[in-house]
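Residues 1 to 265 (my numbering) are what the sequence shown spells out, left to right.
Here the structure is laid out as structure tokens; the discussion comes afterwards.
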Amino acid sequence: MKSTTREYITTLLLFPFEAVRAFSLFGLKGKYLAAVVCIFKRVPFGVYLPPFGRIELYNEFLSIYDNIIGKELRCDEIEECVKRIPRPVIVDLGINLGMTARWWFSLNKNASVYGIDMIPESLAFTEERLRTIPGTFNWTGIPSAISDSRQSFDIQYDDPLEGSNSVFSSEGKIKRTVQADTLDNLLSAHSLAEIHLMKIDIEGYGAIALRGADEILSKCRYIIMETHTPEEISEANRILTEKGWHLFLVKGRSAFYRNPALLSE
1 MKSTTREYIT TLLLFPFEAV RAFSLFGLKG KYLAAVVCIF KRVPFGVYLP
51 PFGRIELYNE FLSIYDNIIG KELRCDEIEE CVKRIPRPVI VDLGINLGMT
101 ARWWFSLNKN ASVYGIDMIP ESLAFTEERL RTIPGTFNWT GIPSAISDSR
151 QSFDIQYDDP LEGSNSVFSS EGKIKRTVQA DTLDNLLSAH SLAEIHLMKI
201 DIEGYGAIAL RGADEILSKC RYIIMETHTP EEISEANRIL TEKGWHLFLV
251 KGRSAFYRNP ALLSE
């Protein structure tokens, strides 16, 4: 039996459990979401799903399933901080479809979210989806790649909304030159006094981004980092440990860090 067939049978067997988990968060639409991911493997029809607004792409369903229902990018301690702070500031590196940005706003509608992505279509897509959610949001999209210096990258890809696009992408019908800068430089114009949370998911380039983030790291309370290679997590751990950060939780590929210097204040 091929591994893909075995995997599909496994997801079918898990569907009742996954449907219950999804229902507990999102009701009947949550059950539909679980069916899309576990059974259909495609989207028969889009739905309006609070707090995410309109969702129509399969990867939107999959992101909610993995990261929100499956809690791969969630931590109670961090979410309580975001809820408790009157106007939390969140920096989201690697926006893609804007799923985590939408989730931050669901935790605190008064949050300020700064989303950075090298693909302008990702930022435009996120803004479009935010308009399907009632209310107004303090959202700032910053079109740039992130690196340890000011430079440019030539990249190729087929789908601008594919989550695996990165500065390493070298195949695809679309060719683009993207500008990169350090995290400190990109955020300097916004004069952020404090950052309560930074999420990093930039397809293996996260540690390199941290090299140019001395000022930002001194202002930030928490980091959620989705890692992609052993080299990335090893260097990220070294950089953050040297600056006094603590790794306090690991879930699959996601590492959760806190900055004791700010949390003790």
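In this text, a Cβ means the ideal position worked out from N, Cα and C, and glycines have one as well.
> What do you reckon, are the CB atoms on Val266 and Phe17 nearer than 8 Å?
Replying inline: Because residue 266 is not part of the residues shown, which for the chain are 1 to 265, the question remains open.
> Leaving out five residues before and five after Asn59 in sequence, what residues of the same chain have Cβ atoms less than 7 Å from its Cβ?
Replying inline: So the qualifying residues of the chain are Leu97, Gly163.
> Do the region 122-129 and the region 73-82 meet, that is, are 3 or more Cβ pairs less than 8 Å apart?
Replying inline: Two segments are said to touch when three or more pairs of C-beta atoms, one from each, lie closer than 8 Å; by this definition the region 122-129 does not touch the region 73-82.
>> Suppose you measure from the CA of Gly172 to the CA of Val178; what does that come to, to the nearest Å?
In response: Between Gly172 and Val178, the C-alpha separation is close to 15 Å.
> At which residues does the beta strand (DSSP E) containing Gly53 begin and terminate?
Replying inline: Residue range 53-55 is occupied by the beta strand (DSSP E) that includes Gly53.
> Using the C-alpha atoms, what's the distance from Ile68 back to Tyr48?
Replying inline: About 16 Å.
>> So, at 6 Å on beta carbons, what are the nonlocal neighbours of Glu235 in its own chain, with the 5 sequence-adjacent residues on each side left out?
In response: Ala207.
> With DSSP run on the structure shown, which of helix, strand or coil describes Asp117?
Replying inline: Strand.
> Can you name the residues that DSSP bridges to Gly70?
Replying inline: Answer by DSSP bridge pairing: none, since Gly70 is not bridged.
> So, using beta-carbon positions, are Lys89 and Glu194 closer together than 8 Å?
Replying inline: The question names Lys, but residue 89 in the sequence shown is Val. Against a cut-off of 8 Å, the Cβ pair of Glu194 and Val89 comes out as a contact.
> Which residues does DSSP pair with Ser112 in a beta bridge?
Replying inline: Beta-bridge pairing links Ser112 to Val89, Asn138.
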